[in-house]
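As structure tokens, the structure follows; a few thoughts come after it.
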Amino acid sequence: MTEQTTPRRTRPADRKRQLATLAGTMFAEHGYAHVSVADIARAAGVTAPSVYRHFADKQALLVAAVLAGGDKLQACTDRMLARPDCSLDDLAAELAELGVSYPQTVSMWRANSAFLTEEQNTEILLRTREIIERWGAVIRANRPELGDRPAVRLAWAVLSVAGSLTVHHTKLSNTRAKAALHELISRTLTLDTDTAPPFTAPALPPSGDRNRRDEILDAASELFADRGYTAVGIDDIGAAVGISGPSVYNHFPSKLSILVSIARRSATTLEAGVIAAYARTDKPLPLLRLLVDSYVAAITTRPDLIVGFRSARILAAQTDTAEHLDTQRRYVRRWIDLLRQVHPELSSEEAAVAVHSALSIVNDAVGMRRGTGRDEFTAEMAYLMKGVLGV
1 MTEQTTPRRT
11 RPADRKRQLA
21 TLAGTMFAEH
31 GYAHVSVADI
41 ARAAGVTAPS
51 VYRHFADKQA
61 LLVAAVLAGG
71 DKLQACTDRM
81 LARPDCSLDD
91 LAAELAELGV
101 SYPQTVSMWR
111 ANSAFLTEEQ
121 NTEILLRTRE
131 IIERWGAVIR
141 ANRPELGDRP
151 AVRLAWAVLS
161 VAGSLTVHHT
171 KLSNTRAKAA
181 LHELISRTLT
191 LDTDTAPPFT
201 APALPPSGDR
211 NRRDEILDAA
221 SELFADRGYT
231 AVGIDDIGAA
241 VGISGPSVYN
251 HFPSKLSILV
261 SIARRSATTL
271 EAGVIAAYAR
281 TDKPLPLLRL
291 LVDSYVAAIT
301 TRPDLIVGFR
311 SARILAAQTD
321 TAEHLDTQRR
331 YVRRWIDLLR
341 QVHPELSSEE
351 AAVAVHSALS
361 IVNDAVGMRR
371 GTGRDEFTAE
381 MAYLMKGVLG
391 V
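Letter by letter, the sequence shown follows residues 1 to 391 of UniProt numbering.
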């Protein structure tokens, strides 16, 4: 009698790559802090120990996911540059395709850099910078009047535009989304930051009398922006203002309440910018330009807005942040409505894609602290945003 044996299950040869890809998708959809190794294992149909055979911990999965995105970006660049006389339209078409088909590829690192070590961020930055410089070379070849630095700044800007679909939930078919991104990237590639007009910062609302509570908010905002909300403890916040961690609780009941207060403060700043703009004009074009200026001034003055964006999922889960989230949605909606008045040929969805693309340019640059110390930074950001919006 022949002995029957049960075939032994074998692991796919590319299991590690599959897990990294799945982890990247889950991190993009739910946020790194809200996804566990067990969640990834369950989604992959394996056990957690199976995941640990390939990755030491969740951070290793994040690194693999970010590097995989970089590989895809590199492959896209190689494919594009393999064409003879690669044009700006080729660049725009490839990035629009990538931004729609693999949106997390161009946004994974910027959304999760706070969870990586300095060494890991440096490695990824160097790889990304190499790709950006290759795009810059394409831009220079097609626009020889540009200098190296303006060309590279345009390359960073189009990376932000290409990855902007991950920051909103506008319902648009893939075909229309690609067309919209293609148009916006193409428009960005016609700009020249060396021609940016001087930036006049709108007056921000007076802060009034400052107290220990304000000092705590300022310190926490800086720490959250630098390290990420989850990596900062109450003791860290206390030390930053010269008090003990437990003393912070005399002013705020929890770390979460500090985050909520930072988000509310950022919403107040944005609304103050809207009020100031409407006090000067009610015409759509100059009004939208004033809103761009006030936004650039707000996001470059203190990190509240960046903290709010990075902690959006945490804030959305809280019952006492509904008013803040409504204020934020109304603010963006105002931009969309004004843009449609300036460009009535745009649908609401197309205008939304344009607005979020413009916001992503400055959000990414400030969030990654890319050139923020230069005197001309604010002027360049306002110029690029207005250029993308066509205002």
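Beta carbons are placed, not taken as given, at the ideal position from N, Cα and C, and that holds for glycine.
What residue from L95, I139, R210, I124 has the CA that sits closest to E183's CA?
As a working mapping, residue 183 is identified with position 183 in the sequence shown. Taking only the C-alpha atoms, the option nearest E183 is L95.
By how many angstroms is the C-alpha of W335 removed from the C-alpha of T269?
Position 269 of the sequence shown, counted from the first residue, corresponds to residue 269. Position 335 of the sequence shown, counted from the first residue, corresponds to residue 335. When rounded, the distance between both Cα atoms is 16 Å.
Rounded to whole angstroms, how far is the Cβ of S311 from the Cβ of Y229, which I believe are closer than 8 Å?
For the purposes of this step, residue 311 is identified with residue 311 of the sequence shown, where counting begins at 1. For the purposes of this step, residue 229 is identified with residue 229 of the sequence shown, where counting begins at 1. Rounded, the Cβ-Cβ distance is 5 Å, consistent with contact.
Give the DSSP-derived three-state secondary structure of D209 in the structure shown.
Position 209 of the sequence shown, counted from the first residue, corresponds to residue 209. Here D209 sits in coil by DSSP.
Straight-line CA distance for R280 to A203?
Against the sequence shown, residue 280 aligns to sequence position 280. Against the sequence shown, residue 203 aligns to sequence position 203. Approximately 12 Å, taken between the alpha carbons.
CA-to-CA distance, L259 to I234, given in whole angstroms:
In the sequence shown, the residue the question calls residue 234 occupies position 234. In the sequence shown, the residue the question calls residue 259 occupies position 259. In this structure, the alpha-carbon of I234 lies about 12 Å from that of L259.
What are the start and end residues of the alpha helix (DSSP H) that includes A60?
Reading the sequence shown from its first residue, position 60 is the one you call residue 60. Here the alpha helix (DSSP H) through A60 covers 58-81.
Measuring straight from C-alpha to C-alpha, what distance separates E130 and G136?
The residue given as residue 130 occupies position 130 in the sequence shown. The residue given as residue 136 occupies position 136 in the sequence shown. Taking the CA atoms as reference points, E130 sits about 10 Å from G136.
L172 beta carbon less than 9 Å from that of E350:
Counting from one through the sequence shown, the residue named residue 350 turns up at place 350. Counting from one through the sequence shown, the residue named residue 172 turns up at place 172. For the 9 Å CB-CB criterion, E350 and L172 form a contact.
contact_flag[the stretch 364-377, the stretch 174-190] where n(CB pairs < 8 Å) is 3 or more:
Not touching, per the Cβ criterion.
Give me, in chain order, the residues of the same chain whose beta-carbon lies closer than 8 Å to that of E133; leave out the 5 immediate sequence neighbours on both sides.
For this step, residue 133 is matched to residue 133 along the sequence shown. Contacts found: V152, A155.
Three-way DSSP call (helix, strand, coil) for N250 in this model
Along the sequence shown, one-based indexing puts residue 250 at 250. DSSP places N250 in coil when its eight states are reduced to three.
I'd like to know whether the C-beta of R374 is nearer than 9 Å to at least one C-beta of chain D.
Here there is only one protein chain, and chain D is not present.
Over what stretch of residues does the alpha helix (DSSP H) that includes K283 continue unbroken?
Here residue 283 is taken as the residue at index 283 of the sequence shown, counted from 1. K283 -> no alpha helix (DSSP H), and no H or E assigned at all.
Measuring straight from C-alpha to C-alpha, what distance separates G373 and H324?
In the sequence shown, residue 373 corresponds to position 373, counting from 1. In the sequence shown, residue 324 corresponds to position 324, counting from 1. Rounded to whole angstroms, G373 and H324 show a C-alpha spacing of 30 Å.
Can you have a look at N211 and say buried or exposed, based on whether 16 or more other CB atoms are within 10 angstroms of its CB?
In the sequence shown, the residue the question calls residue 211 occupies position 211. Looking at its Cβ environment, which holds fewer than 16 other Cβ atoms inside 10 Å, N211 is exposed.
When burial is assigned at 16 or more other CB atoms within 10 Å of the CB, is E380 buried or exposed?
Against the sequence shown, residue 380 aligns to sequence position 380. In summary, E380 is buried, with 16 or more beta-carbon neighbours lying within 10 Å of its beta-carbon over all protein chains present.
Output needed for P7: all residues of its chain with C-beta closer than 8 Å, excluding positions within five of it in sequence on either side, in chain order.
Sequence index remark: in the sequence shown, residue 7 carries index 7 (1-based). Model confidence at P7 stands at a pLDDT of 46, short of 50, so the residue's coordinates are unreliable and nothing is read from them.
If we count Cβ pairs, one from each stretch, closer than 8 Å, do we get three or more for the stretch 110-122 versus the stretch 71-83?
Verdict: no, contact absent.
Note down the Cα distance separating V232 from H343, rounded to an integer number of angstroms.
Working through the sequence shown from its first residue, we reach residue 232 at position 232. Working through the sequence shown from its first residue, we reach residue 343 at position 343. The alpha-carbon atoms of V232 and H343 are separated by roughly 44 Å.
Who are the near neighbours of A48 in its chain, counting only those whose CB is closer than 7 Å to its CB and skipping five residues on each side?
As a first step, residue 48 is located in the sequence shown; it is residue number 48 there, counting from the start. Correct list, in chain order: V37, A38, A41.
Let me make sure I understand the geometry here. Which of V362, G390, F377, D375 has the alpha-carbon closest to that of A157?
Looking up residue 157 in the sequence shown gives position 157. Nearest C-alpha to A157: V362.
Rounded to the nearest angstrom, how far is the Cβ of L338 from that of L290, given a contact under 8 Å?
To locate residue 338, count along the sequence shown from 1; it is residue 338. To locate residue 290, count along the sequence shown from 1; it is residue 290. So it is not a contact: roughly 10 Å between Cβ atoms.
Three or more C-beta pairs below 8 Å linking the stretch 235-251 and the stretch 187-201
Contact between the stretch 235-251 and the stretch 187-201 is absent, with fewer than three C-beta pairs closer than 8 Å.
Who are the near neighbours of K178 in its chain, counting only those whose CB is closer than 7 Å to its CB and skipping five residues on each side?
Within the sequence shown, the letter at position 178 stands for residue 178. Counting only Cβ-Cβ distances below 7 Å, and skipping sequence neighbours, we find A96, E97, V100.
7 Å Cβ shell around S266 - same chain, five flanking residues per side excluded:
Position 266 of the sequence shown, counting from 1, holds the residue named residue 266. These residues qualify, in order along the chain: D304, L305, G308.
State buried or exposed for T122, treating a residue as buried only when at least 16 other CB atoms are found within 10 Å of its CB.
Here residue 122 is taken as the residue at index 122 of the sequence shown, counted from 1. Exposed.
Would you tell me roughly how many angstroms separate the C-alpha atoms of D226 and T193, rounded to the nearest one?
By one-based count along the sequence shown, residue 226 stands at place 226. By one-based count along the sequence shown, residue 193 stands at place 193. A straight line joining the alpha-carbon of D226 with that of T193 spans about 27 Å.
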